[in-house]
Each structure stands twice: as structure tokens, then as C-alpha cells.
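Chains as they are written, first to last, in the working numbering: chain A, 103 to 610; chain B, 3 to 352.
Read through the structure below, which is laid out as C-alpha cells, and then see the notes.
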Ligand SMILES: Nc1ncnc2c1ncn2[C@@H]1O[C@H](COP(=O)(O)OP(=O)(O)OP(=O)(O)O)[C@@H](O)[C@H]1O
Ligand SMILES: [Mg+2]
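As C-alpha cells, then:
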């Protein structure tokens, strides 16, 4: 098909799509039609095949069989360029921006018609005019590597609109946004669909977003289309049953009384932030055993840096950190002796070796554990294999084989694998950042159960999260980070969302 | 099935090598020469007789050790291409030490010479690793520049301070005592450096595949952030692996001086460090594959003289050949994971 409609939303249809990886069928004869100007939600548990489906639509994968129709015409999605020419654009689950370039540079170079010599001043003026039409601002002059997840996600969406795409696929666009930010972004996206400017297909795990914003929904399970329809005509119950095969059990969470003794203390901690211009200053924070200390904040206010400080990736310029009363240098030996574990956000980027196998990635913590707590010299291949089988089983990691590269797993399954690695065995202290990013609801509730359970048995948990609901649900005490500082503290009993929101926004 | 998974690492480089042969044959045809004659001569000069095997093997010994200097840092994701510098300085250290230990029994003296070569080579390439960790200097560029410095230093000392007044038109250090010359092995007419190279390969393979250090290095090489979050000692690993690689290159310098040349002189700067890069890439940085690959390329190097004479080709021809193979090897990197037959999924689901 050649004639590209000059403006306005377009209809996209996938017919009998099947995608096999080797002998593994990730998509099984799926047909789905996304009408022009609709806001279509795609639901499914982790590993259901959602990302695979949209990658086929985008020409990123070549479907084993099946066809694509754009505006009713046969479309050959031979490669992502073909999709782009037809006005199809996608925001991937993993960021695709060039980290070393600024926001503005990323936008300009993403255009297909970018000239060999770029007149930056003219481009910049055009860009500023374009940004005027955007409902939210993104820092255009900062390198992407210095942006927090939320900022990057907004930039990804802005990029698609800037490219003039009229069919947008959003792969879990709000996992990194605060609820208010998510509402803002999705509200705007919906307004554009209503106005007939764009068509949207959104992958999500949040029913709230489906019911509040989407017009239609399709549900995948184990690679097959298992249901869907108009939002409003299909209940949340029906949706979740189709997704999981059965209604999920909701377990009661009980908070036990726990003994609270200081475990991790930060005193006068100072570090340079990721932009290199501002400082992070944390005067005094104490994490106790048997509590979940939630750190709330809008992304980009120093939470990422705090995590880097605590994992030893960012140098302190002042202050001290103590673990169980002893100075803590963030080494492997100390972390092991004090049973401290980390769960960084975006695990594939921060906690995995993407080209190594699932089994090897699962072994990162145990591979050098020798008898008597000393570190071993010889690698024990059999112990690594045993460890992998046990964790894959216990944490329900869906993988073709333990020998598969971890990067071939679905986003949620990578998360599960890392969780399994870090949460097994005895854990006295746990530092977590956005643990439920990209997980389906049953996995989310399983993880939250685990966190509460760990807390009840005396584990000290520092929970850094941009999801305020999560913070409210899990924490015993809440700190708000704003502009690199702890600006507010409250026990859960007196916490209220409005007040927290104000502190998060910097108006204390 | 495991066989098939491993096969990818053999089939693709082998295919690339054959493609390199084909491309080079075309090059020869354009020059009006016969590729058949070329490969026949390589066979004749490199592999057909006991004498040619001796020539091939003694050339492959330094190639093996130089390739390890690339393969070990590669495990950490570093591309070190300056092994030549460590070979040259290692040879110089060995030659000079040899003059000082002339009175000691042969084996002890040779041990000291080898140790001197390894220490200097290790320090040289270890410094590349340290620059990378402490100052963020790109290791590829720094190792290359340091190789030039090493060669300049070598020339400076051999033509100055350590020059044997008796070496008239070819500046050299004083000849080594006969007791300090590494000899030939029994039965096979090649020097002991071949055995040392084979042992080094096995040791490196054990280090990389069977120890926790090798595993930690792979994690750091694949994703340094994950390694840091795990608290792995990334800095010491980088410095240790680069230094060990440099030590092997220095050992190559020792064998060249003690077994081949008899003194440290300009013949040491023979480009083994650079051919070693090709060996390591062809072997996909697998120490066990390095050995056979080094023998193959050693054979090509050994045939260079004969080809020059018989086919009337310049001696740079072998370099053209190596360059072509290298480019095709680099291109073939894009093929890994593209063939379903080599993936675990393909084999587990049947
Ligand atoms: N390149 C690949 N090679 C092999 N298997 C793959 C590949 N990509 C995906 N898979 C497998 O296909 C299945 C579906 O993956 P997909 O990424 O589409 O899931 P998803 O629905 O997006 O899940 P999530 O919510 O966790 O992101 C998974 O079991 C995954 O392991
Ligand atoms: Mg996905």
C-alpha cells in the first residue's frame, strides 16, 4: 500500500497472526482489529505474548504466518521502517532513546527525513513550537542518561507524536509514572483519540486504566486471543478470569507486631546527582527491622541516586552509612554478612547480564558462596543448575529453558527471575526500587504479599517507589523525597494522599 | 543438544574463515595469480613435512600467548589490541635478565628470565586496565598507543644502554649463554614455548569456565551495573585480567628471545601481537579454540616466504589475507543467535 492518509487516525488489523520462536509458539492465530480513533487496551498476564504481538505489528518481528491490514489494505510489515511510513509508531517497554543525547537531539534524529546537516537553531524553534502543543513538559536540554524513568517515558510518547504517527502502540506506558502523571498523559492521549487524530493500542496490567480510558479491550492468554469487547460491556471480573484462567485468590494481609531496632542509618549523606549540577543531601534516615519504610517522590527527585548510593554505584561526597552499627562500604562481603539484598528497578538493565543465560543470571548471588561463609574459588556448575531449577519453579519464571538468554524472557518474567534470586534464603534487610514495574496483577499481589511477609518476620525493607498507591499500601512509615532531600516524614496512620502529593510536588 | 548449542560457536567462525578464503581467492584472481597455487604453497610450507611443522609450531607459540592477551580482557568486555607492546618489553626484560643470571643453573636462570618478562608484560597491560578503571581511558586506544611507546622504549634500550658492542648492523643485547636457551622438545622439533602456550590455554580456560573469578568477570563484562549492584570487585577484576593477559604476552617475548633469537633485537617486533588479535577473534575468545587457530595462522605466516619467492607476491600478501579474514569475522558477529537450530528452545521443544 502506498497512499498514506495525510492526517487523522487509521484502522489497523492483524489477521491470524502466529509467531514461533523455534518450536515455542508465543502467538497462536491471533486476530485483532483496532478501529480508527479508538483507544484499545491489550491485557494479558506476564509472558502472554502482548509484546510479541505488537512487535509483529510493527515489523520488528516477522510473524511466522498471518497478515496485517492498514486502512483495509494489505500491508507488508517487512521492517520497522515500513510501519513508520504507514504512520505506525511504538513506545517500547524498554527505553529506546539514545542515552548520551539530549531530549531535543533524540527527537530530531528520530525523524526519517533528518537532513545530513542539521540546522539546530531552526529545528529547535520548531521543536519549541511543537512542545507548546504538548500538555506536559520534558527537559529537552538534558541528556537522556540523566533523566529519570518517568521523564524518559514522557519523552518517548512525545517523540511518537512529534514524528506525526497516527497509530500509537504503548507498551505499559504508565508503569513508571505517578498516578497523577499517568492520568495526565492518558487523558491527553484519549483526548487525541476522541478528536480522531490518533488510534492507540495500549498494553497494560492496570484495570483502572482500562476502565477509565480505553474504549475497547482484547485479552491474550498463553499466546491465544481469549476474549475482549467494549469497555463497560465486559466486567473486571470477566477480564481477570480471561487473563488468568481463573479468578485470582486474594490473600488477606496481616501486619504483625514487630520488634523495631535500627538496621540501616544514613547520616549527613551527600552526593552529586546524575545531572552533575545538583546535590543529594539526606540528613538522617533510619531503617528499622520489621518495618517497611516507603520513599515516595516524583521520578527525578533523587530516588535513583539514593538507590545508586546504597548499591555503591555513586560515590559519597560526605556523611556516613551504617549497617547494624558498623560503617557500611557497600561491598559484597558486607552485604552477604548482614543479609542485605537489593532489587533495583528495570532489572534487565540494572540487575541482569542480558547475554548470559537464565540459569547464570539466577546464580549471581550464590555462585561464590563457599562453605562456612567464605567465598568459593571453584564454580559449581551442578549447584548453579539446581539453584536455577528451584528458583524457576518457585517463582514461576516462564522460560523456554534455563539455558535461554535472560533477554529473551518477557519483561515480567525477568522481574520474577530477579526477585527469586534476591528474595530466597534469609533476608535481614532489603532495598527495593519500583518492584512491581511491569508485572501483572497476580504477580504484583504475590510480591506485595512477600514483602509484607518478610516485614512480619523482621526484615527491614526500604521501598523506593513512584507508585503512591503501593507506598500507601505497604509502608509503616513514609518519607517524601523532593529535589534530592527528604522533605517530609509521616507514619502511615496519619498519612494522607493529598498532603503527600503536595510535598512530592515541592509545596510543603 | 548441547553439542548443537556449542556448534554455533564453531560453525560461524569456520564459515567466516571459508568466506575469507573465498574473498582472498578473488583478490588473487584479480591480481592474475592462482588461488590453487597459493593454498598448495601454504600447505607445502606450513603443514606438509616435519620441517614445515616445526616452522609453523614455533610461530604459533607466540600467537597463542598473544591471543590470550586479547581473550582474557575480552571476558570483561575490554578490547585490548596492544599485546605487541607487552611481547616486546617482555622480551627485553628476559634478555636483560638473562645477562644478569648467566652464572645460575639453566632452568633457574630461564625461570627468572620468564618471570621478568611476565612481570613487565603484566605491568604494561595491567596499566591499561588500571587507566580504564581509575580514569575511564578507552582501553583499545590506550593499549595501542602504549604499544608504540613500548616499541620506542625497546629500541631506545637495545640501541643504547643494553646494546652489545659486538652487534654491528643489527643492534642487539648481548647473546644469551647457551644454558639459557630454551631447547626443542623431544620427538617434535619445536621449542617448549608450544607446550607453555598449550598449558596457558588450558589454565585460562579453567580460570574462565570453572572458577568463580571467571564467572564474576563475565557478569562484569556483560553488564557492569549489575556487577556493581552485586558488589562484585569490578576494579580488581579488570586490573587482574588485563595484567594476566599482559603476563602471557610477556612470556611470548621470553620464548622469542630465549628459544628463537638468542638475544633481544629488532626481530622481536614481528607483529605477533597483532596477528594474535585475529587469532583471539577467530577463536571467539575461547582459550581452547585459540590453540588450533594459532596453528592454522602460524602455518600461513610460515608460508609467507615461500609464497613471496614462488608466486612473486609481496610479503604483505599474508597481511591482506589476514585483514580480509578479520573483517569477515567481525561481520559474522552479527549472525549469532540468528539460526533457530542453535537455540535451546529449538532443542527442548521437540
Ligand atoms: N526473542 C525471543 N526468543 C525466544 N522467546 C521469546 C522471545 N521473545 C519473547 N519470547 C517468549 O515469548 C513469550 C511471550 O513474551 P512477550 O514478551 O510477548 O510477553 P508479554 O505478554 O509482553 O509479557 P510481559 O507482561 O511480562 O511483558 C514469553 O514466554 C517469552 O519468553
Ligand atoms: Mg511485554
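Built from N, CA and C at the ideal position, the CB exists for glycine as well.
Quantities reported herein were computed from a predicted structural model and do not represent experimental measurements.
1) Taking buried to mean at least 16 other C-beta atoms within 10 Å of its own C-beta, is residue 600/A buried or exposed?
2) Which class does residue 341/A belong to by DSSP, given the choice of helix, strand or coil?
3) Go through its chain and collect everything with a Cβ distance to residue 117/A's Cβ below 8 Å, but skip five positions before and after it.
4) Is the Cβ of residue 351/B closer than 8 Å to any Cβ of chain A?
5) Check whether the Cβ of residue 657/A sits closer than 7 Å to any heavy atom of ligand 2, and report yes or no.
6) If distances are taken between C-alpha atoms only, which option among 538/A, 508/A, 540/A and 532/A comes closest to residue 556/A?
7) Taking residue 106/B as the reference, give the member of 181/B, 143/B and 170/B with the closest Cα.
8) At 8 Å on the CB atoms, spell out the chain B contacts of residue 470/A, in chain order.
9) Can you check the segment 366-451 of chain A for any beta strand (DSSP E) of at least 3 residues that lies completely inside it and give the ranges in chain order?
10) List, in order along the chain, the chain B residues whose C-beta lies closer than 9 Å to that of residue 202/A?
11) Nearer than 7 Å: is that true of the beta carbon of residue 512/A relative to any heavy atom of ligand 2?
12) What is the DSSP secondary structure of residue 117/A, reduced to helix, strand or coil?
13) Note down the Cα distance separating residue 471/A from residue 212/B, rounded to an integer number of angstroms.
14) Kindly identify the DSSP beta-bridge partner or partners of residue 588/A.
15) Could you tell me the distance, in whole angstroms, from the CA atom of residue 298/A to the CA atom of residue 286/A?
16) Does the segment 434-441 of chain A come close enough to the segment 7-26 of chain B to have 3 or more Cβ pairs within less than 8 Å?
17) Confirm the yes/no value for this check: CB of residue 542/A, any heavy atom of ligand 2, distance under 7 Å.
18) Three-state secondary structure (DSSP) at residue 13/B?
19) Starting from the N-terminal side, write out each stretch of the beta strand (DSSP E) that is 3 residues or longer and does not extend beyond the segment 129-179 of chain B.
20) Just the Cα atoms here: how many angstroms apart are residue 206/B and residue 217/B?
21) Using the C-alpha atoms, what's the distance from residue 572/A back to residue 510/A?
22) Cβ of residue 643/A versus every heavy atom of ligand 2: is any distance shorter than 7 Å?
23) Kindly indicate which three-state DSSP category residue 358/A falls into: helix, strand or coil?
24) Does ligand 1 have a heavy atom nearer than 7 Å to the CB of residue 501/A?
25) Residues in its own chain within less than 6 Å of residue 32/B by CB, not counting five upstream and five downstream?
26) In the segment 210-244 of chain A, which residue ranges form an unbroken alpha helix (DSSP H) of at least 4 residues, counting only runs that do not cross its ends?
27) In three-state terms, what does DSSP make of residue 351/B?
28) Shortest alpha-carbon distance to residue 558/A belongs to which of 592/A, 359/A and 403/A?
29) Using DSSP with H/G/I as helix, E/B as strand and the rest coil, what is residue 137/A?
30) Please work out which residues of its chain come closer than 8 Å, Cβ to Cβ, to residue 549/A, disregarding the five sequence neighbours upstream and downstream, and give them in chain order.
31) Determine the direct distance from the alpha carbon of residue 163/A to that of residue 117/B, and round the result to whole angstroms.
32) Based on Cα-Cα distance, which residue from 230/B, 43/B and 295/B lies nearest to residue 203/B?
33) Within 8 Å of any Cβ in chain A, is that where the Cβ of residue 231/B sits?
34) Measuring CB to CB, does residue 459/A end up less than 8 Å from residue 507/A?
35) Does residue 263/B come out as helix, strand or coil in the three-state DSSP assignment?
36) In three-state terms, what does DSSP make of residue 27/B?
According to the structure data:
1) For this step, residue 600/A is matched to residue 498 along the first chain. So residue 600/A counts as exposed.
2) As a working note, residue 341/A is residue 239 in the first chain. Residue 341/A falls in the helix class under three-state DSSP.
3) Here residue 117/A is taken as the residue at index 15 of the first chain, counted from 1. 133, 168, 169, 170 and 171.
4) Counting from one through the second chain, the residue named residue 351/B turns up at place 349. For residue 351/B, the predicted model reports a pLDDT of 48, less than 50, meaning its position is unreliable; a value from the coordinates is still stated below. Yes, its Cβ sits closer than 8 Å to a Cβ of chain A.
5) Only positions 103 to 610 of chain A appear in this structure, which leaves residue 657/A out of reach.
6) Here residue 556/A refers to the residue found at position 454 when the first chain is read from its first residue. For the residues 538/A, 508/A, 540/A and 532/A, the minimum Cα distance to residue 556/A belongs to 532/A.
7) In the second chain, the residue the question calls residue 106/B occupies position 104. Here the closest residue by C-alpha is 181/B.
8) Numbered from its first residue, the first chain carries residue 470/A at position 368. Correct list: 214, 217 and 218.
9) 381-390, 394-398, 420-425 and 442-445
10) Against the first chain, residue 202/A aligns to sequence position 100. Per Cβ cutoff of 9 Å: no residues; residue 202/A is ~14 Å from chain B at best.
11) As a working note, residue 512/A is residue 410 in the first chain. Answer for residue 512/A: yes, Cβ within range of ligand 2.
12) Residue mapping note: residue 117/A aligns to position 15 of the first chain, counting from 1. It is a strand residue.
13) Numbered from 1 along the first chain, position 369 holds the residue referred to as residue 471/A. Numbered from 1 along the second chain, position 210 holds the residue referred to as residue 212/B. Each residue's alpha carbon lies about 14 Å from the other.
14) Here residue 588/A refers to the residue found at position 486 of the first chain. Paired residue(s): 583/A.
15) If you number the first chain from 1, residue 298/A lands on position 196. If you number the first chain from 1, residue 286/A lands on position 184. C-alpha separation (whole angstroms): 19 Å.
16) no
17) On the first chain, residue 542/A is found 440 positions in, with the first residue counted as 1. No, ligand 2 has no heavy atom inside 7 Å of this Cβ.
18) Position 11 of the second chain, counted from the start, is the residue given in the question as residue 13/B. Reduced to three states, the DSSP call for residue 13/B is helix.
19) none
20) Position 204 of the second chain holds residue 206/B. Position 215 of the second chain holds residue 217/B. Near 13 Å, if we compare the C-alpha coordinates of residue 217/B and residue 206/B.
21) What you label residue 510/A is simply residue 408 of the first chain in a count that begins at 1. What you label residue 572/A is simply residue 470 of the first chain in a count that begins at 1. Roughly 28 Å separates the two Cα atoms.
22) For chain A, the structure presents residues 103 to 610; residue 643/A sits outside this window and is missing.
23) Along the first chain, read from residue 1 onward, the residue named residue 358/A stands at position 256. Here residue 358/A sits in coil by DSSP.
24) Looking up residue 501/A in the first chain gives position 399. Correct: residue 501/A has its Cβ closer than 7 Å to ligand 1.
25) For the purposes of this step, residue 32/B is identified with residue 30 of the second chain, where counting begins at 1. Excluding residues within five positions, none has a Cβ falling inside 6 Å.
26) 222-234
27) For this step, residue 351/B is matched to residue 349 along the second chain. Legend: pLDDT at residue 351/B = 48, less than 50; position of this residue unreliable, value from coordinates given subsequently. Coil, per DSSP.
28) On the first chain, position 456 is the one that residue 558/A refers to. The option with the nearest alpha carbon to residue 558/A is 359/A.
29) Taking the first residue of the first chain as 1, we reach residue 137/A at position 35. Coil.
30) Position 447 of the first chain, counting from 1, holds the residue named residue 549/A. Answer for residue 549/A: 521, 537, 538 and 541, listed in chain order.
31) Within the second chain, numbered from 1, the residue matching residue 117/B stands at position 115. Within the first chain, numbered from 1, the residue matching residue 163/A stands at position 61. Cα to Cα, the separation comes out at about 54 Å.
32) For the purposes of this step, residue 203/B is taken as the residue at position 201 of the second chain. Looking at the Cα atoms, 295/B is the closest of the given residues.
33) Here residue 231/B is taken as the residue at index 229 of the second chain, counted from 1. Chain A contact via Cβ: present.
34) As a first step, residue 459/A is located in the first chain; it is residue number 357 there, counting from the start. As a first step, residue 507/A is located in the first chain; it is residue number 405 there, counting from the start. Yes, Cβ-Cβ distance for residue 459/A and residue 507/A is below 8 Å.
35) By 1-based counting over the second chain, the position of residue 263/B is 261. Of the three classes helix, strand and coil, the one that applies to residue 263/B here is helix, per DSSP.
36) For this step, residue 27/B is matched to residue 25 along the second chain. Here residue 27/B sits in helix by DSSP.
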